[in-house]
Structures are given as structure tokens and as C-alpha cells.
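UniProt numbering puts the first residue of the sequence shown at 1, with every later residue one more than the last. Beta carbons: idealized from backbone N, C-alpha and C, even for Gly. Computed from a predicted structure; not experimentally measured. See below for the structure under consideration.
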Amino acid sequence: MSNQKRNIKKALASVFAFGMIFTGVAPANAATYDLKTIDSFQPAPSVTYKQQKQNSGSIDQMANVMEIDVSDQYTTVQLGLPTPYPSLDTLTNQTQAVSGEGNRVVGGINGSFFHFLTKNPAYFVSKDQRIINMGAISQKSNDFMYTPAAFGMNENGDAMTGTYELEMEFEHDRETTVVDSMNTSRGSDEVIVYTSSYGQEFTKTNPYGYEVVVTGVDQPLDGGEVEFGDTIEGTVSAVRSYGNRDWAEIPDDGFVLSFGREIASDYTDLRPGDNIEFSIDINDPWDDSEFMLASGPLLVQNGQVDLSIDLTSPKVTLPQPHTAVGTNADGSKVYFVTVDGRSGIADGMRLDDFARYLQSLGVYNAINLDGGGSTEMVARKKAYIYPSIMNNPSDGVERSISTSLMAVIENPDERAADISFYKDQQGLLLEGASINVGVSYVLDEYFTYLEDVDASDIDWSVEGNVGRMDGTTFVAEQAGTGHIVATYEDAVEKKEVTVVDEIDNFSVSPNNLQIGTSTQQTFNFEAKDAQGNAIILPENAVEWSTDVGAIDADGTLTSSSQASTGSVTATINGQSVSADVQVGGETVVLSDFDNADLWSVQEARAWGQVRAAQGFEPIAEGSSSLRFDYNFRVGESGTAATYAVPRGGIDIPGKPNHLGLWVYGDDADHWLRARIVDGAGQKYAINFTEEDQLNWKGWKYVEADLPSSTTLPLELDQIYLAETTESEKDKNVLFFDQLKAFYDDSTDDVEAMNLPEYNIHPTNKTWEVTFNTRMDEDTFTSENIYVTNHLGNKVPVNIELDATKRIASISAKDGNFLKDHLFELVVTDDLESAYGLKLKESRTMRFMTR
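Written out as C-alpha cells, the structure reads:
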């Protein structure tokens, strides 16, 4: 066959090959879903986002849908490529990198498949009619890219989804040959071109063909230099002859032409040094596309569920997270759609079921994108600068990806259209009072947050003759109701403001307060009208006085250093109101730890356990203490903490000057703290020790000061041990007893305690008991000398007398006592000397192992 005739035949075959579409219609018994919308908002007036969910016992699904009206003059879809190219980056980073004035990204999804190793997209990508990535085509009907298909936008701003045909040929010695495909397995009668985006370093073809390596091209096929319709030139630098089992290496500055077995002999005249001209173009309508992103398979075609993949493929039948992009019939709307899976929140869908779901949304044409851990959607919430993640990535975190699709607003005139402001205090205002205002957000007509606008840029005014604006401060001047008005460009907002000239009711809080000596507490003056509405007062309108210490102009009392009883008084316009105050008083036991069931444990990068003390474990007072086990070695890196948590919290009466706690320490240099929650919900950490200062063994009384700026009432909701240094993390045991609130420093009762102490020893401790005379070895039985655990149960030990019969050694039977446990060595008075005399008295020694 002459080259000319064969090339004509090859050209026809190429057209037919690219025109064939393997299609599969989803079976009639495919799953159907009834997802309900649980959330929706508009990232822009032309873009709508909704989240849909289904929980029906055996099926859990979570989907995210974004509908983009690209017929709007400033709304479009753009291709996202990380910088530098090729590289991988997260979807949120890709959207933030290109979002700016006149180009605001309001939504996005992950793009097509890619190679982790090379970071190249797996399939064809073009931008501005320039080829970014040749990618690959599969010869297998059960693969994603068996049918060449893509999503893109044309120069008219319309979206396109469907098949495409690359038209490739090369010329050598004035003869033209059609190239059948690129970066795919080679058929026996095919010509395939391999480029740097193949994803492999070599062609990896069988030896039954002929391959030509072309280098030194004036424009690389991959990378964005070659336009549709271009011809590039290169030189043959090497050939791989028929039968050679060594693969041809794909050059960075060229490509490889590979000829199948049946036609290989027609091209053996291609030799090193020959010039090659390679041409590439694409069919209409893709030839005027702004970008193309190839992927597959097609899912919906012409409004029907019609997949361009073998429906028996595992890629179809296994439920997975999926991403798709689709259009309506005329390309005026684009749909970004994701379904979650493998995250514990949703099951994922079969690919054919996903296609049916897309059809149910009204999608006319749709194509599958990368899924699994890559599946992701972001959307811009109101008054946000950048989009946020809306779905639940199956890896638990964002995956870095090679391409993305973005919904973009290209509004060149970002003029303010909407404004929202706030008042820093809510309520009526007494004449002379003032409040400050601030800007919550300023948006343009496409909901873009104008981040450079602040309160000083706003034109503030007052309607209703009730006051005036002094910068961003409203000053109340005359009783009545009016409005504060904020104006910026085309945006206007009004907020009502009411001014009054009298107070109907007022009070002081807290009342009936017990407070510690030399302790601070802020009192609040509350003014209301006859309907109970709060009234904001002018600064320093209230005069404060007290007979139980000193009080400043803002109502903060510093109580006296001695116990006393009196009041705090607030006076306004000649009228006064008082709150009763008791300074000092009896100590209050907040917890005696006698009932461990009132406590639970929580951990952060640690393990822990709490229980009641047992047997002769340390008790400071009462019938029990709280044993607190911790292990900081089991968690990941970072601050480790174990928490003793009182069920329901512990109410703290009034405002003590400090809390006290008995702690049986382990000398492990950790940090002992607690947490207080005040009446406003604010949480405060307080220190029973400084960091690394739990540095004692045995019982010690520790104190924790309370913060002065708290709103009553107070509650304690945690006592915890923390360690911030990795090398200091260990495991051990503490005991807590008698948590108390003290109101008078002069009445601390810590000296009254008679607390037991325990020696701490290693687990392999051997005890030696020395006698002042020779002993009778026969009396050294387990009844007369032994070791018990904290519950009084004997533990196996070895007992030996030395040769002098004066020194007895006692050790654990297996060499080690249990770690972090309490034991007692007992020597009874039933032991006898060699002369038959008993000991004068029994002796005991309690010890703890570490």
C-alpha cells in the first residue's frame, strides 16, 4: 500500500474513531434518591448554592449544588490552574490566588483527574485556544476517558459540555500522515503521539512497532505555547527499531511518534536528522473556546442519563464521592455538583445513580470530574471575601489538585449597593448618653465585600431631631424616636434610635453578695423604662459609694482587708439604690470528693481516669479523695491535658478571694489548673500551680486566685493537669481532696490537717529490715511479715534472712511491684528472736511505686 493511499484511509479511520461514543443508559432499577434542601444562599445574584441531604435509615447522602447563570453579563466560569504550572494546590488556595478586584471568585469545584507524581492533569486542557496539556485517551471502555469529552466556555460566554475531536497530523518529505491519538496504548495499525503529559517517562509500548523521537521543537506540545491550528517543527533525534524491547524515552523538548506493527515498515525512512512538521487543531465549536477541561465519562447527554463508559466497570458500580459539571440545553447555565462519601457522613453514589441525580436537577449535559478524596465544593458566604468549603472531603482535609473550575464575577465597577452597620450598645438612651456605631459590611450589587471601606468612610447622619453624630458616635440630645443613617455610594441603611428624658426603674447588681477580703468585683447599674426596656446612661452619670472598702467611678469595688458587713450604693439624679455586701465569712466546701460518681474525665492528647480512693490510698479529710490517673504518652504531639470534670459543674457562692485544694503530688513538674465560667459565659483558666511547678511528693495545699473582671455567678467546670513539653510527658497518679472557696485569708484552716505521707520508690524496690539480735528463721512466714496493696490484699513477695540472721530482705515475687500503686510493708510482733523472744511491737511502712 502506498503511503498516500494508506494515509487517506488512516484519515477516514481517525474521524470515525473519534466520532465513536461508547454509551450506556442507566438500568431501570438504578437507585433513586429523595434529597431535601437543608441550606441555601446566593454567593451572588446570578449564583445559587444549595445543600441537599437524605437520611432514610439505610441510605445517607449529602449533595452540594451550585447553579451559575452565565447569561449574566458579568458572570462566568473560569479554569483554575495553580502557579507555577504544573503543580498541585488546594481548591481554596486556587480560588484565593485569582480572586481580586474585578475578578471575584464566588464558588468552585475540583477539576479533572491528575497524576500525583508529575502533577500534570491526566487529560486534555486548553486555555485561550492554547494547549496547556495534551493528556491521555484510554482504549478501554471501562475507563473514565474512553470517549474524548470536555467542559468549556466559548468566546460568547456560553458553556459547552460534550465530545471533541483533535485533528493531528505530521509531514515528512512532503507526505502527510494522520495521527490517530495521543498518550494511549498503541493499536497495530495506529499512529500515536506521546508527549511529556503522558504521565510516564517512557512510551511503554510493545516491541512490535517503530518509534521516532523528535526533539528540539520550536514550541512544546504541552505548556501553553501551541495554539489550535499551529504547526510545530522538530528534528528526529533517535529511533526505536521494530523488535527493540527498550522503550523510547519521551523528551521534555519534543515528542515520540509511535507506529503499530502493521504500518511500522512504512515509516522506517524516518531517520535521525530528519525534519518533522506536526500540526494540531480541534473541531468546531471547541476551536473558539476560552478554555477546555477534558474529563469523563459523560453522564447526561441531551437531557438523558447516558454514560460514555461500560456500566459494569467498578468505576461505575462502587459508591464513591463524585464531582460533576453540567449545563442546561443552551449553555446559559452551569451546574457544579458534588456528592460526599467515605466520610462517615454520607455513603456516596454509584456513578449511574449520580447521573440520575444530575438529571433530576434539570441538567441537560454533564460530565464527570475527579472524585474520591478530590471531591470538593466551595462557595462564598454573605460578607465573606473568599469562598469556604461546603462539602465534607472524604480525607477529612482538602486535597491538593491540579485543576479547578470557578464561578467568577467579572464586575469592573464594584460600587457599593448594600451596607450594614451595628450599634455597640442596645437599648434606649437617656439624654446626654452616647453610643458608637461600626460597619458590619459594605457589598456591591454582586454581593462582593468591599474590604477597604471602614466606618470613617461612611456618611453618618441622624433623622428625627433626637441627636447628632460626632464622627462614629451618636450623642442623644432630645427625647423622641429617630434614625441613625449610614450612606456610602449607592448603599443606605437606617437603624431606629429612641431617646428618653427620665428613668422609671433602676437597680444594682449583684445584690446580697458575699465577697472575699481584699477582692475586686464590678457592680452594674441597670436603668429601665416603665416597659422594662434597658436605658443607656451618660458616662459617669452614676455616683458610687460604699462602707465595705473602696469603689471607683465605674463601680469596681475593692473590698476591705477585714471581715465586715455593709453595702454598695449607686446614686443618679438624687435617687439612690443599694446592694448588700458581706466581706469575708466562713469557708465553703465546694467538693469533698467523697463521691467520685459526681466526677468524670476528659482528655486532650492524653488518657485519664478518675475514681474514689480505696483502702489506705491518700485521704486528706473525710471518707475519701479523688484518685486522678493520667497518661500523657499516648496522644499526638502538642499540649496534653487530662481533665477532672464535675458533672453539672460546681456553683461558687459569691466572689471568693481564692480557691484552695489539697493535692497529693507526684513531683512530675506538670501544670495544675482549673477553669471558671462566669455569668456571661466567659471562661477563665486559673492556676493552682505555675507551669512545670507541680514539683512535690505527698500532700500540699495549693491556692488559685480568681480573675477580677468576672460577671457573677461563677461556676467551676474543670480541674486539669497539663504538659506542653514533649520530653516531659509521662504517666502517673494524683489525689485531690477538699476543694474550698475562701472569703477571708485570715481563716485558712490548712494547719488543722493531719495528713499521711507515702514514700515513693521504684517498682523493683527491695526492703531491708534490720533487727538488733539474731532472729528465728522459722517464724518468718507470710503471716508474720508481708506486703499488702491499698485494699489490704497480700501480694506475693520473697523473704530472705542473711547469714547473720539479723537482716531480712523483702521484694516482689516477680521482681517488680505494680507501677503507680500503693503498698504497705507489715512486720508483726509475732516474729521471734533465736532465743524465743517476740518483737516488742508491730511496725508498718507505706510506699508508692513509680
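CA nearest to the CA of residue i, picked from the options
i: Ala553; options: Val214, Pro538, Ser40; result: Pro538
i: Arg186; options: Ala136, Asp820, Asp89; result: Ala136
i: Gly100; options: Thr215, Ala44, Tyr449; result: Tyr449
i: Gly615; options: Leu694, Ser623, Gln531; result: Ser623
i: Asn573; options: Asp504, Thr639, Ala674; result: Asp504
i: Val300; options: Gly373, Phe228, Pro285, Ala150; result: Ala150
i: Gly584; options: Ala606, Thr95, Val548; result: Val548
i: Asn595; options: Phe736, Ser507, Val397, Asp444; result: Phe736
i: Ser138; options: Pro656, Pro510, Gly296, Asp830; result: Gly296
i: His790; options: Leu257, Glu617, Thr725; result: Glu617
i: Ser236; options: Ser258, Asn275, Glu190, Lys204; result: First, the amino acid is wrong: residue 236 is Val here, not Ser. For the residues Ser258, Asn275, Glu190, Lys204, the minimum Cα distance to Val236 belongs to Asn275.
i: Thr327; options: Gly157, Leu721, Asp222, Val191; result: Gly157
i: Ala346; options: Thr481, Glu445, Thr725, Ala63; result: Ala63
Collapsed DSSP secondary structure at residue i in the structure displayed
i: Phe847; result: strand
i: Thr23; result: Note that Thr23 scores 49 on pLDDT, short of 50, meaning its location in the model is unreliable and no value can be drawn from it.
i: Pro314; result: helix
i: Val98; result: helix
i: Asp89; result: strand
i: Tyr267; result: helix
i: Asp370; result: coil
i: Ala579; result: strand
i: Asp158; result: coil
i: Tyr198; result: helix
i: Ala668; result: coil
i: Glu841; result: coil
i: Trp247; result: coil
i: Asp457; result: helix
i: Trp696; result: coil
i: Ser388; result: strand
i: Asp597; result: helix
i: Ser71; result: coil
i: Asp778; result: helix
i: Asp629; result: strand
i: Glu723; result: strand
i: Asp737; result: strand
i: Asp730; result: coil
Proximity below 8 Å, CB of residue i to CB of residue j
i: Leu79; j: Lys127; result: yes
i: Val499; j: Glu463; result: no
i: Asp459; j: Tyr422; result: no
i: Tyr267; j: Tyr208; result: no
i: Thr788; j: Val795; result: yes
i: Leu598; j: Val663; result: no
i: Lys53; j: Gln61; result: yes
i: Phe523; j: Val497; result: no
i: Gln520; j: Leu513; result: no
Classification of residue i by the beta-carbon crowding that lies within 10 angstroms, buried from 16 upward
i: Gly362; result: exposed
i: Ala28; result: Caution is warranted here: a pLDDT of 48 is assigned to Ala28, below 50, making its placement in the model unreliable, and the coordinate value is therefore given only provisionally. Flag for Ala28 reads exposed.
i: Thr781; result: exposed
i: Ile367; result: buried
i: Leu837; result: exposed
i: Leu318; result: exposed
i: Ile38; result: exposed
i: Val634; result: exposed
i: Arg774; result: exposed
i: Pro272; result: exposed
i: Asn540; result: exposed
i: Arg380; result: buried
i: Phe742; result: buried
i: Asp340; result: buried
Unbroken alpha helix (DSSP H) run spanning residue i, endpoints
i: Arg774; result: Unbroken run through Arg774: none, as it is neither H nor E.
i: Phe354; result: 351 to 360
Enclosing beta strand (DSSP E) for residue i [first to last residue]
i: Glu211; result: 210 to 215
i: Ile760; result: 759 to 761
i: Lys36; result: 36 to 44
i: His172; result: 166 to 172
i: Gln614; result: That residue, Gln614, is in no beta strand (DSSP E); it is neither H nor E in DSSP.
i: Pro646; result: 640 to 646
i: Asn392; result: Counting along the chain, Asn392 falls outside any beta strand (DSSP E), and DSSP gives it neither H nor E.
Residue i: CB within 7 Å of a non-hydrogen atom of the ligand GTP
i: Ser181; result: The ligand GTP is not among the ligands present in this structure, which contains no ligands whatsoever.
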